[in-house]
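Undergrad: So for the sequence shown, UniProt numbering puts the first residue at 1; every next one is plus one. If you scroll down you'll find the structure; I have some questions about it.
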Amino acid sequence: MWHNNVNVKVVLLGDSGVGKSSVLLRFVDNYFKQDSSPTIGISSLKKTLHVNDTHIHFDIWDTAGQERYRSLTSMYCRDANAVILVYDITSRNSFNGLKAWYCGLKEIIKNSTIIAIAGNKEDLVEREEIPIDEAKEYANFIGAIYAKTSAKSNVGVEKIFMDIAKGLCPDI
Ligand code: GDP
1 MWHNNVNVKV
11 VLLGDSGVGK
21 SSVLLRFVDN
31 YFKQDSSPTI
41 GISSLKKTLH
51 VNDTHIHFDI
61 WDTAGQERYR
71 SLTSMYCRDA
81 NAVILVYDIT
91 SRNSFNGLKA
101 WYCGLKEIIK
111 NSTIIAIAGN
121 KEDLVEREEI
131 PIDEAKEYAN
141 FIGAIYAKTS
151 AKSNVGVEKI
161 FMDIAKGLCP
171 DI
């Protein structure tokens, strides 16, 4: 059958421990591991979503949050269609980290690159350190899509990738 193919390259950025690898694993394999081991350098996984007549092929790059990989990370962001900036809703530090990631990022990405912010670990909402309004306001300010996610309880993960795809191809 005839169908449209769309390739979408996505890079996950954010401090170590916010749940980048877990969000990726949840999206690609619908799986969650409580004690995941840290990503070393950069790794990537692929997943295809079928929406109506369109096959959306995601190529998703997971990066290590450590400082020493930042220059390597920027290489991957240059030609990304979308970047997901992840923070942990229970960590103010990780939200500050996200702002720092964005400052570096805006120097190198194309105008057309979609930015999304994922406030991860939504299942720990009782320990939330960043009021939702503050996070949304920052997302608005930088022109980003905002979503709360939980890799653990599978909240918002597929939606954030779908919102990115819709942002890139409004007719799907
Ligand atoms: P990364 O360094 O950003 O890739 O973070 P990881 O994916 O390795 O996750 C760091 C820790 O947070 C691991 O122990 C995960 O099990 C845990 N984690 C990741 N996502 C969630 C989530 O949505 N909820 C909770 N409660 N824990 C999470």
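Using N, Cα and C, we set each Cβ at its ideal position, and we do this for glycine too. Predicted, not measured: the structure shown is a model, and the values here were computed from it.
Could you tell me which of 52, 48 and 53 sits nearest to residue 59, measuring between CA atoms?
TA: 48
Undergrad: What are the boundary residues of the beta strand (DSSP E) that includes residue 124?
TA: Neither: residue 124 is in no beta strand (DSSP E) and is coded neither H nor E.
Undergrad: Which residues does DSSP list as the beta-bridge partners of residue 84?
TA: 12 and 116
Undergrad: Check whether the Cβ of residue 139 sits closer than 8 Å to any heavy atom of the ligand GDP, and report yes or no.
TA: It does not: the Cβ of residue 139 is nowhere closer than 8 Å to a heavy atom of the ligand GDP.
Undergrad: Return the chain-ordered list of same chain residues with a C-beta closer than 6 Å to the C-beta of residue 25, the five sequence neighbours on each side being excluded.
TA: When the five nearest sequence neighbours on each side are left out, the beta carbons in the same chain lying within less than 6 Å of the beta carbon of residue 25 are those of 31, in order along the chain.
Undergrad: Quick check: does the Cβ of residue 149 come within less than 8 Å of any heavy atom belonging to the ligand GDP?
TA: Because some heavy atom of the ligand GDP lies under 8 Å away, the Cβ of residue 149 counts as near it: yes.
Undergrad: What does DSSP give as the partner residues of residue 57 in its beta bridges?
TA: 7 and 48, per the DSSP bridge assignment.
Undergrad: When burial is assigned at 16 or more other CB atoms within 10 Å of the CB, is residue 52 buried or exposed?
TA: exposed
Undergrad: Which partner residues does residue 150 have in the DSSP bridge list?
TA: 155
Undergrad: Assuming residue 116 and residue 163 make a contact with CB atoms under 8 Å, what is their CB distance in whole Å?
TA: Contact flag correct, Cβ pair sits at about 7 Å.
Undergrad: Alpha carbons only, please: which of 155, 73 and 28 is nearest the one belonging to residue 119?
TA: Taking residue 119 as reference, the option from 155, 73 and 28 with the minimal CA-CA separation is 155.
Undergrad: Between the region 91 to 98 and the region 123 to 135, do at least 3 Cβ pairs fall closer than 8 Å?
TA: yes
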